[in-house]
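A.B. asks:
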Amino acid sequence: MFRTHLQAEVKGAVAFGDGLRVWRYVEQAIQCPWLYVCWTEKSGEVTLSSMLMVADMSLFEDMLARQTETQRVERVLLVSPGHLNRSSGWLMEGLVELCEAIGPACEHLAYVYRLEGGRTYWDGYVKNPQHTPLRVIYSRS
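Going by my numbering, the first residue of the sequence shown is number 588, and it counts up by one from there.
#1: When you compare the CB positions of W621 and V666, do they come within less than 8 Å of one another, or not?
#2: Go ahead and label F589 buried or exposed: buried means 16 or more other beta carbons lie within 10 angstroms of its beta carbon, across all protein chains shown.
#3: Taking all protein chains shown into account, do 16 or more other C-beta atoms lie within 10 angstroms of the C-beta of Y700, making it buried, or fewer, making it exposed?
#4: Could you say which of L696, G681 and I689 lies nearest to T707 if we only look at CA atoms?
#5: Can you give, in chain order, each stretch of the alpha helix (DSSP H) that sits fully within the region 591–661 and has at least 4 residues?
#6: Please give me, in chain order, every unbroken run of the beta strand (DSSP E) with length at least 3 that falls completely inside the region 697–724.
#7: Select from E648, S675, P668 and P720 the residue whose C-alpha is nearest the C-alpha of A697.
#8: Would Y612 be called buried (16 or more neighbouring beta carbons within 10 Å of its own) or exposed?
#9: Measure how close the beta-carbons of V660 and V624 come, nearest whole angstrom, since I'm counting them as under 8 Å.
#10: Name the DSSP beta bridge partners of E687, please?
#11: Near E684, what residues of its chain come up, given a Cβ to Cβ distance below 6 Å and the 5 sequence neighbours on each side ignored?
#12: Going by alpha carbons, who is nearest to M640 out of E628, Q615, G631 and T634?
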């Protein structure tokens, strides 16, 4: 969901490790929501945090499944386009819960984002939201 351009690459950024490439910017070409995820890793008394831009919800589910006592998702923000958040532009809001709306044949219908402040966004078409089963993917504790 994010594109990179060669002119944005930081050449010779060896301090970040072998196999890693560093970019000054990335591009998002389509207007879809994504998650800004704080991933922490603890080693003794030291906690390191990385901010990940995740545009694939199945990848986010994999991250949640890989959590351990020392590696975990600390905080998640939803970055949503205006057509989803019903505003004139992009918003970044704290995510409280992410669910998947499931259809009668167990098919994916929509993602449901419950946010700080009580707002809820449905990304997908659901005919009758009140009677649609939801599978919880993420819930902030």
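Ideal placement from N, C-alpha and C gives every residue a C-beta, glycine not left out.
C.D. replies: Let me lay it out:
#1: Here residue 621 refers to the residue found at position 34 of the sequence shown. Here residue 666 refers to the residue found at position 79 of the sequence shown. Yes, the Cβ-Cβ distance between W621 and V666 is below 8 Å.
#2: Residue numbering aside, residue 589 sits at position 2 when the sequence shown is read from its first letter. Exposed, since its Cβ has fewer than 16 Cβ neighbours within 10 Å.
#3: As a working note, residue 700 is residue 113 in the sequence shown. When all chains shown are included, Y700 counts as buried.
#4: What you label residue 707 is simply residue 120 of the sequence shown in a count that begins at 1. The shortest Cα separation from T707 among L696, G681 and I689 belongs to G681.
#5: 644–652
#6: 707–711
#7: For the purposes of this step, residue 697 is identified with residue 110 of the sequence shown, where counting begins at 1. Answer by Cα proximity: P720.
#8: Residue 612 sits at position 25 when you count from the first residue of the sequence shown. Y612 should be labelled exposed.
#9: Residue numbering aside, residue 660 sits at position 73 when the sequence shown is read from its first letter. Residue numbering aside, residue 624 sits at position 37 when the sequence shown is read from its first letter. About 6 Å separates the two Cβ atoms, so the contact holds.
#10: By one-based count along the sequence shown, residue 687 stands at place 100. The partner list for E687 (beta bridge, DSSP) reads Y698 and R722.
#11: Translated into the one-based positions of the sequence shown, residue 684 becomes position 97. Only R701 and S726 meet the Cβ criterion.
#12: Reading the sequence shown from its first residue, position 53 is the one you call residue 640. For the residues E628, Q615, G631 and T634, the minimum Cα distance to M640 belongs to Q615.
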